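Heads up: the sequence shown is residues 64 to 449, going by the numbering used here.
A short worksheet on the structure shown next.
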Amino acid sequence: MLQDTSLLRIPGPTPIPPSVQRAMNQPMIGHRGIETKELLGRIKPKLKPVFGTKQDVMIITGSGTSGLETAVVNTTKAGDEVLVIVTGAFGDRFAKICEAYQLVVHRLEIAWGEAIDPEQVKEFLQKNPQLKAVFVTFCETSTGVLNPVAAISKAVHENSEALVIVDGVSCVGGVEAKMDEWEIDILVTGSQKAMMLPAGLTFVAASKRAWQVIETNPQPRFYLDLRKYRDNLAGNSTPYTPALSLLFGLEQALTLMEMEGLQQVYDRHVTMMAMLRSAMKALEIRLLTKDEAASPTITAIQPDDIDVAEKLRKQVKQEFGLVIAGGQQHLKGKIIRIGHMGYCAPQDVLQLVSLLELGLSRIGKQIDLGQGVRAAQEIYLHKGGE
Ligand SMILES: *Cc1c(COP(=O)(O)O)cnc(C)c1O
């Protein structure tokens, strides 16, 4: 096999564009110097449209989970009653963080592969209007579901005073987020998914309503204290040494998104989703989620035959260096999760589908070579493209 090549199609980390990679190679600079101030000054306005907010988006060095923990420690305290919508492994993680901080956690558990129905949230809040916050995963990476966060946020605000706290780690940057318009109180994302960077940064924005809670919250916190990030960011700095190399890359990644146009970025993700789903249907491979609940950034497939998922993953990795992810928790070994976010385009999806067809043939599945590719091409011609 050709060495030094890999096709990373897992739902994060995702591939890095060459110009972002080069930007990250810049020599180190002082984090209290004018260069860093100017860099943060340039990054700040470019991040806001990605979140759909006028608020400053704070940048914290840490993986996405540190962003989730930041949301929890800043807005709640032990004993607070909260609702966590659990549509998969990442909703479960949000609930575990809340439990670690001794909140009283109600879990609204939804079958894996399905999206939450906002009506269920409404009903829950009408019975429990005393809740302090509602936590929800925007794209549930363990299943490829995109939850309807705008409608959920509306249901929460119409029926309670609770804050709406959204984990957008595996979609913000690839899927439109309108934090202000949707009245999301905290929106979190990470660097290694749709933002086209390595892991190591988390981005957190808070609404005015959230800031009122954050200011008066007695919960102890230090590194993750959002007030410090906000106050420093006002002067284009960070409270602690930032991951400067990632900030160099971030500026370039945001420039690439700006040059393509954010709407075009979102449309590209929708096209990739539609191409892959259509290809899988043509190959008669079951999709875990319904079309209406599918995320533009990640697709989960559930082959009928036992073993196919793991055999196929192994085959394409070994033969082509194509890396795709398996299932988590009870779906381990049963599904394959394919990431198509960030630095990924329709031409990559055609390659991916073609390699999956070859892989399926190699492991002994009877398929018509080219059928999936053709279905994806047809979607591209009719829906997407420049
Ligand atoms: C990747 C991911 C996270 C964060 O995971 P880290 O490994 O801490 O970066 C959080 N939520 C979702 C939905 C994710 O996909």
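We treat Cβ as the ideally placed atom computed from N, Cα and C, and that holds for glycine.
Small disclaimer: the values here were computed from a predicted structure and weren't measured.
- In summary, P283 is exposed, with fewer than 16 beta-carbon neighbours lying within 10 Å of its beta-carbon over all protein chains present.
- A distance criterion of 7 angstroms places the beta-carbon of C161 beyond contact range of ligand 1, judged by its closest non-hydrogen atom.
- Closest in alpha carbon position to Q381, among L419, Y406, A356, is L419.
- Around the C-beta of S69, fewer than 16 other C-beta atoms lie within 10 Å, and the residue is accordingly described as exposed.
- Residue V120 holds the alpha-carbon nearest to the alpha-carbon of L289 among Q414, P76, V120, G115.
- The nearest non-hydrogen atom of ligand 1 is 7 angstroms or more from the C-beta of V136.
- At a Cβ-Cβ threshold of 8 angstroms, L287 and E132 count as neighbours.
- Distances between the C-beta of K256 and the heavy atoms of ligand 1 include at least one below 7 angstroms.
- The stretch 270-278 makes no contact with the stretch 358-378: fewer than 3 CB pairs, one atom from each, lie closer than 8 angstroms.
- Each of L226, I123, Q327, A357 was checked against the Cα of D143, and the nearest Cα belongs to L226.
- Cβ-Cβ distances below 6 angstroms link A134 to I228, I249, V251 in the same chain, with the five nearest sequence neighbours on each side left out; the list follows chain order.
- Residue environment: D230 is assigned as buried (16 or more neighbouring CB atoms within 10 Å of its CB, all protein chains considered).
- With 7 angstroms as the limit between CB and the heavy atoms of ligand 1, the residues that fall short of it are P74, G75, S126, G127, T128, S129, L131, F153, R156, T200, C202, E203, T204, D230, V232, S233, G253, Q255, K256, A262.
- In the DSSP assignment, the residues bridged to C202 are L209.
- Contact between the stretch 302-311 and the stretch 86-104 is present: 3 or more CB-CB pairs across the two stretches fall below 8 angstroms.
- Distance check between Q118 and each of P302, L296, V184 places L296 closest, using alpha-carbon atoms only.
- If you draw a straight line from the Cα of T200 to the Cα of D370, it is about 29 angstroms long.
- In its chain, beyond the 5 residues on either side, Q165 have a beta carbon closer than 6 angstroms to the beta carbon of A141.
- The residues W175, E203, S205, T206, in chain order, have a CB closer than 6 angstroms to that of G151 in the same chain once the five nearest residues on each side in sequence are set aside.
- Cβ-Cβ separation between A178 and V208: approximately 5 angstroms, consistent with a contact (criterion under 8 angstroms).
- Between the alpha carbons of I173 and G298 lies a gap of roughly 43 angstroms.
- M121: member of the beta strand (DSSP E) spanning 121-124, first to last residue.
- Secondary-structure assignment with DSSP links R72 through no beta bridge to anything.
- Going by DSSP, F285 is part of no beta strand (DSSP E) at all; its letter is neither H nor E.
- Taking the Cα positions, Q429 is about 34 angstroms away from A257.
- In this chain, H393 is not harboured by any beta strand (DSSP E), its DSSP state being neither H nor E.
- Taken through DSSP and simplified to helix, strand or coil, V232 comes out as coil.
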